[in-house]
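Peer 1: Protein chains in written order, with the numbering used here: chain A, 71 to 484; chain B, 2 to 289. Note that beta-carbon positions come from the ideal geometry of N, C-alpha and C, so glycine has one too. Structure provided below as structure tokens; questions to follow.
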């Protein structure tokens with residue numbers, strides 16, 4: 071009995087609500103996208119006196135921890151960094167704190183107009199004009215990387231259509247020894263889907279119709295996937311297992327001429343320690359075809375869980391971290407900004423030569439379909455794209471199965 | 002105080018002494034198991050068996066289950082054959098035997114994640130050391146994409162597992178060999194039995210309990226493989242190396258469907274239990 075009593079006494083403090091004090095717990099992605107936020111949190115601790123605790127989590131763990139925290143309203147985190155495709159799921163059922171009332175309490179009508187509109191739209195649920203639950207922090211939007219030196223040598227300009235990409239790949243692969251014309255990633259899941267979506271859109275197709283139903287049973291979708299498979303002829307063998315790292319390695323090692331990749335790889339291209347192609351890579355907007363080229367947005371957002379016990383302090387940090395001065399600091403640390411003024415800063419423009427293209431890519435980019443079940447759809451769709459590229463199923467079968475599987479997912483999760 | 006009065010404090014009976022163990026077991030094993038059963042029966046409409054009925058219609062699950070069995074059987078055959086061969090080889094006396102034995106154990110001591118990262122680099126088709134070496138020897142490597150082809154990805158992940166876990170099989174079988182009595186072998190040699198006859202009629206039957214345990218332990222490990230394949234291929238290319246555990250992980254922690262993931266886990270548990278019971282029966286049966 072005495073033992074039970076002592077145990078209860080020992081456990082009581084652990085069960086008690088944590089004391090409200092100058093402390094914020096921030097869940098951050100363990101990767102280049104989270105580096106700037108970690109530094110910003112350290113700076114904020116110095117200037118504000120608020121004790122900042124950073125919980126650094128690998129990409130997939132971050133989603134799990136965020137879901138567990140938000141579902142259980144545990145209050146473990148005060149700020150969560152989230153990839154934008156997760157947002158519709160994480161923002162559903164009032165799991166995040168709406169920010170409009172907090173802006174009103176601060177005497178403001180909302181976020182200022184300096185945020186890139188496409189980035190800010192990602193923070194609304196429903197997309198693009200629903201309630202505001204987050205602020206955009208990392209303005210990721212893929213670019214078209216190409217070997218400008220080789221293009222110049224052959225009198226070519228940056229390709230504006232996918233057919234121009236194919237023609238340039240064929241011509242340069244035939245005339246330049248030791249090069250693959252194009253390198254893409256088709257590992258199942260996110261990799262294959264992210265590389266295929268811009269082609270799908272450019273050919274005038276889409277994954278989901280405006281009513282949310284799958285729309286892959288169109289000639290345009292078949293043409294787009296056939297085109298991707300055709301591009302496999304100019305891509306290094308084994309590309310069906312490639313992710314962003316592998317395609318970057320091919321560019322850095324000077325074995326491939328073109329690819330799509332995230333802006334976080336730009337600095338590596340011009341780093342002599344890592345790269346054999348310093349100052350040789352050009353950056354352009356993604357090619358179009360029937361439709362103008364549009365990148366798949368992959369922004370990182372900051373939000374406050376509904377279970378947080380320090381909502382006001384968290385909101386103050388959110389506004390501080392995303393204000394122009396702090397975002398400029400984050401940009402200097404390599405984080406792609408989400409503010410126009412930072413992209414247009416003359417000093418930063420001199421330092422980051424891809425900024426004009428990055429801004430244009432961000433402003434014209436499209437989000438992945440805004441559905442809470444995106445993870446499942448993306449994975450199944452990515453598996454089937456990967457299989458079509460591997461040649462184990464036909465393009466028609468891949469699209470027909472994707473159409474059915476996505477419809478099944480939606481039927482199971484009405 | 003009378004001579005027959007009960008001692009104070011009273012001495013607990015034998016059942017009381019096992020209560021803490023039962024409490025820990027109930028808290029850490031029985032409650033989670035019952036909770037998992039309840040979760041597996043959860044459906045959007047309440048409770049029912051729809052998660053289990055969905056399993057038989059889910060082509061991805063059935064393919065993942067079949068691939069798990071292929072992976073398990075493939076790795077097991079390679080590891081057992083190599084492990085037994087090495088054990089027989091290093092059971093004999095020769096100079097440097099201890100060094101060989103120690104070196105053979107190194108892969109087993111590495112964390113599976115580290116092994117996976119090492120092999121992912123070694124087998125990179127363009128920049129990996131294996132294809133690079135083959136190219137320098139004049140061997141064409143254009144079709145040797147290892148994890149990058151649906152035809153070779155499963156074999157590649159099996160070989161990585163065999164590289165790491167053959168030493169485990171070797172270690173157990175060597176211990177088994179060293180524990181065998183020498184008299185039957187001497188008698189067989191005196192009677193003129195050949196090495197092959199001795200191996201088939203004496204070594205293998207007498208080693209059977211150790212073989213059964215070694216194979217059982219590896220089978221259970223292989224059926225629940227996760228970390229290596231997650232790092233090496235993430236189940237790809239396409240769906241070529243997806244195992245049940247990867248599919249369960251994705252369903253639970255990416256799709257956030259714990260009911261269906263729990264149902265799949267119970268199927269895997271049932272498969273593991275059936276296989277384990279078969280091995281245990283083999284273990285109990287004495288050779289004729």
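For chain B, check one thing: does any of its Cβ atoms lie closer than 7 Å to the Cβ of residue 257 (chain A)?
Peer 2: Yes, its Cβ sits closer than 7 Å to a Cβ of chain B.
Peer 1: Using only CA atoms, which one of A:395, A:238, A:449 and A:168 lies nearest to residue 373 (chain A)?
Peer 2: Nearest option by C-alpha distance: A:168.
Peer 1: Use the C-beta contact count for residue 336 (chain A): other C-beta atoms within 10 angstroms, 16 or more gives buried, fewer gives exposed.
Peer 2: It counts as buried.
Peer 1: Go through its chain and collect everything with a Cβ distance to residue 1 (chain B)'s Cβ below 6 Å, but skip five positions before and after it.
Peer 2: Beyond the ends of chain B as shown, which are 2 and 289, falls residue 1 (chain B); an answer cannot be given.
Peer 1: Compute the beta-carbon to beta-carbon distance between residue 485 (chain A) and residue 126 (chain A), rounded to the nearest angstrom, for a pair I have assumed lies under 8 Å.
Peer 2: With chain A covering 71 to 484 only, the question about residue 485 (chain A) has no answer from this structure.
Peer 1: What's the call for residue 97 (chain B), buried or exposed, on a 16-neighbour Cβ count within 10 Å?
Peer 2: Per the 10 Å Cβ criterion, exposed.
Peer 1: Hey, residue 196 (chain A) and residue 473 (chain A): beta-carbon distance below 7 Å or not?
Peer 2: No, the pair does not count as a contact, with Cβ atoms beyond the cut-off.
Peer 1: Taking the beta strand (DSSP E) that residue 124 (chain A) falls in, what are its first and last residues?
Peer 2: Where residue 124 (chain A) is concerned, the enclosing beta strand (DSSP E) stretches over 121-127.
Peer 1: Check whether the stretch 284-294 of chain A touches the stretch 362-378 of chain A, counting contact only when three or more Cβ pairs, one atom from each stretch, lie closer than 8 Å.
Peer 2: No, the stretch 284-294 of chain A does not touch the stretch 362-378 of chain A.
Peer 1: Would residue 278 (chain A) and residue 439 (chain A) be called neighbours here (beta carbons separated by less than 7 Å)?
Peer 2: Going by C-beta atoms, residue 278 (chain A) is nearer than 7 Å to residue 439 (chain A).
Peer 1: Give me, in chain order, the residues of the same chain whose beta-carbon lies closer than 7 Å to that of residue 482 (chain A); leave out the 5 immediate sequence neighbours on both sides.
Peer 2: For residue 482 (chain A), where only same-chain residues beyond five positions count, there are no Cβ hits under 7 Å.
Peer 1: So for residue 33 (chain B), helix, strand or coil by DSSP?
Peer 2: DSSP places residue 33 (chain B) in helix when its eight states are reduced to three.
Peer 1: What are the residues of the stretch 143-154 of chain B that lie near chain A, defined by any Cβ-Cβ distance shorter than 8 Å?
Peer 2: From the stretch 143-154 of chain B, only 143, 144, 146, 147, 148, 149, 150, 151 and 154 have a Cβ closer than 8 Å to chain A.
Peer 1: Strictly below 9 Å CB to CB, what residues from chain A border residue 254 (chain B)?
Peer 2: The contacting residues are 130, 131, 133, 134 and 137.
Peer 1: So if DSSP puts residue 149 (chain A) in a beta bridge, which residue, or which two residues, is it bridged to?
Peer 2: Partner(s): A:96.
Peer 1: List the residues that DSSP assigns as beta-bridge partners of residue 330 (chain A).
Peer 2: DSSP, once it has assigned bridges, lists A:214 as partnering residue 330 (chain A).
Peer 1: By the three-class DSSP mapping on this structure, what secondary structure does residue 207 (chain A) have?
Peer 2: Of the three classes helix, strand and coil, the one that applies to residue 207 (chain A) here is strand, per DSSP.
Peer 1: With a threshold of 7 Å between beta-carbons, can residue 166 (chain B) be considered close to chain A, or not?
Peer 2: With 7 Å as the cut-off, residue 166 (chain B) does not count as an interface residue toward chain A.
Peer 1: Going along the stretch 234-263 of chain B in order, which residues come within less than 7 Å of chain A, judged by CB to CB distance?
Peer 2: So the close ones are 234, 235, 236, 237, 238, 239, 240, 251, 254, 255, 256 and 257.
Peer 1: Tell me whether the stretch 454-465 of chain A and the stretch 230-247 of chain B touch, counting them as touching only if at least three CB pairs, one residue from each stretch, are closer than 8 Å.
Peer 2: Result yes; three or more Cβ-Cβ pairs closer than 8 Å.
Peer 1: Which residue wins for smallest C-alpha separation from residue 218 (chain B), given the options B:76, B:156, B:148 and B:186?
Peer 2: Measuring from the Cα of residue 218 (chain B), the nearest candidate turns out to be B:76.
Peer 1: Within 10 angstroms of its Cβ, does residue 244 (chain A) collect 16 or more other Cβ (buried), or is it exposed?
Peer 2: Residue 244 (chain A) comes out exposed.
Peer 1: Ordered along the chain, which non-local residues of its own chain (more than five positions away) have a Cβ less than 7 Å from that of residue 348 (chain A)?
Peer 2: Here the set comprises 340 and 342.
Peer 1: In chain B, what lies closer than 8 Å to residue 191 (chain A) by C-beta?
Peer 2: Those do not exist, as residue 191 (chain A) stays about 24 Å from chain B at its closest Cβ, beyond 8 Å.
Peer 1: Along chain A, which residues have their Cβ under 8 Å away from the Cβ of residue 128 (chain B)?
Peer 2: The contacting residues are 319 and 323.
Peer 1: Once the 5 residues before and after residue 114 (chain B) are set aside, which same chain residues still bring their CB inside 7 Å of it?
Peer 2: Answer for residue 114 (chain B): 228 and 232, listed in chain order.
Peer 1: Quick one: using the 10 Å Cβ neighbour count with 16 as the cut-off for buried, is residue 129 (chain A) buried or exposed?
Peer 2: That one is exposed.
Peer 1: Pull the bridge partners of residue 44 (chain B) from the DSSP assignment, please.
Peer 2: Beta-bridge pairing links residue 44 (chain B) to B:47.
Peer 1: Nearest by alpha-carbon distance to residue 230 (chain A): which of A:357, A:151 and A:395 is it?
Peer 2: Among A:357, A:151 and A:395, the Cα nearest to that of residue 230 (chain A) is on A:357.
Peer 1: Restricting to Cα atoms, I'd like to know which of B:135, B:160, B:89 and B:45 is closest to residue 258 (chain B).
Peer 2: Among B:135, B:160, B:89 and B:45, the Cα nearest to that of residue 258 (chain B) belongs to B:45.
Peer 1: In chain B, what lies closer than 7 Å to residue 101 (chain A) by C-beta?
Peer 2: Per Cβ cutoff of 7 Å: no residues; residue 101 (chain A) is ~16 Å from chain B at best.
Peer 1: Are there three or more Cβ pairs, one per stretch, closer than 8 Å when the stretch 367-381 of chain A is compared with the stretch 173-182 of chain A?
Peer 2: No, the stretch 367-381 of chain A is not in contact with the stretch 173-182 of chain A.
Peer 1: Nearest chain B C-beta to residue 368 (chain A) closer than 7 Å, yes or no?
Peer 2: Not one chain B Cβ lies under 7 Å of residue 368 (chain A).
Peer 1: Nearest to residue 433 (chain A) by alpha carbon, out of A:184, A:315 and A:138?
Peer 2: Ranking A:184, A:315 and A:138 by Cα distance to residue 433 (chain A) puts A:184 first.
Peer 1: Tell me whether residue 82 (chain B) is buried or exposed, calling it buried when 16 or more other Cβ atoms sit within 10 Å of its Cβ.
Peer 2: Exposed.
Peer 1: Contact between the stretch 143-151 of chain B and the stretch 165-178 of chain B: three or more CB pairs below 8 Å?
Peer 2: Cβ pair count under 8 Å is below three, so no.
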